[in-house]
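What follows is a single structure, written as structure tokens, with notes after it.
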Amino acid sequence: MILKRLFRRSPSPERSSYEAIVAAARHPVFYADWGVPDTLDGRFDMISLHAFLVLDRLKGTEQEFRQKLVDELFADMDRSLREMGVGDLSVGKKVRKMAEVFYGRLAAYDKAVAGPPDELQAALARNVYADAPVGQGPSLLAAHVAEQRQHLASQETGAIAGGKVHFREPAR
1205 MILKRLFRRS PSPERSSYEA IVAAARHPVF YADWGVPDTL DGRFDMISLH AFLVLDRLKG
1265 TEQEFRQKLV DELFADMDRS LREMGVGDLS VGKKVRKMAE VFYGRLAAYD KAVAGPPDEL
1325 QAALARNVYA DAPVGQGPSL LAAHVAEQRQ HLASQETGAI AGGKVHFREP AR
């Protein structure tokens, strides 16, 4: 399996989609202008939020791809923790905790996008800005989520599951 990955000519669709999620989540405007904490937790929150957007877009379809995308996310978290020097014995515990946080975020955002706009802002303030000064961040991020949901809705599910997911640049 590892050799298969090493000699693959192009990344798998879930890897390509995950890379697009990470690239979108790392946009500097989130951290420099919108007050998202530029920490391990802040970056994980932004990856979780952008993964939610893709998973939400594919809700009810592409179940196998959705699972592979989540698996890719956690395989990357595992790799990242190991690269940061976290000991082998505690990596599993940390990834398990990250999974709990991730699924909690998905549930909170799923409920929030179905409710009034201030519910999403409250969920973002609670989760992304928990330990940071809030300011206008949650409202800017909520507007970004709404815009991305609309943008993703215009993309074919098959294309997204084929690794061709595109995000818009955040408004400044």
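FYI, in the numbering used here the residues of the sequence shown are 1205 to 1376. Each residue gets a CB set at the ideal place from its N, CA and C atoms; glycine is no exception.
* **Reduced DSSP category for Gln1267 - H, G, I as helix; E, B as strand; rest coil** => helix
* Span separating the alpha-carbon of Pro1217 from that of Glu1223 -> Going by the C-alpha atoms only, they are around 10 Å apart.
* Check each candidate in Ala1365, Glu1351, Asp1249, Asp1335 and name the one with the smallest Cα separation from Gly1264. => Ala1365
* What separation, rounded to the nearest whole angstrom, lies between the Cα atoms of Leu1262 and Ser1358? -> One C-alpha to the other measures close to 12 Å.
* **Helix, strand or coil at Gln1340 [DSSP, three-state]** => In the structure shown, Gln1340 sits in coil (DSSP, three-state: anything other than H, G, I, E or B).
* To do: Evaluate the contact criterion for the stretch 1242 to 1256 versus the stretch 1304 to 1321: three or more CB pairs, one atom per stretch, below 8 Å.
  => Yes, the stretch 1242 to 1256 touches the stretch 1304 to 1321.
* **Inter-residue Cα distance where the pair is Val1369 and Arg1330** => 28 Å
* Simplified DSSP assignment, three categories, for Arg1372 -> coil
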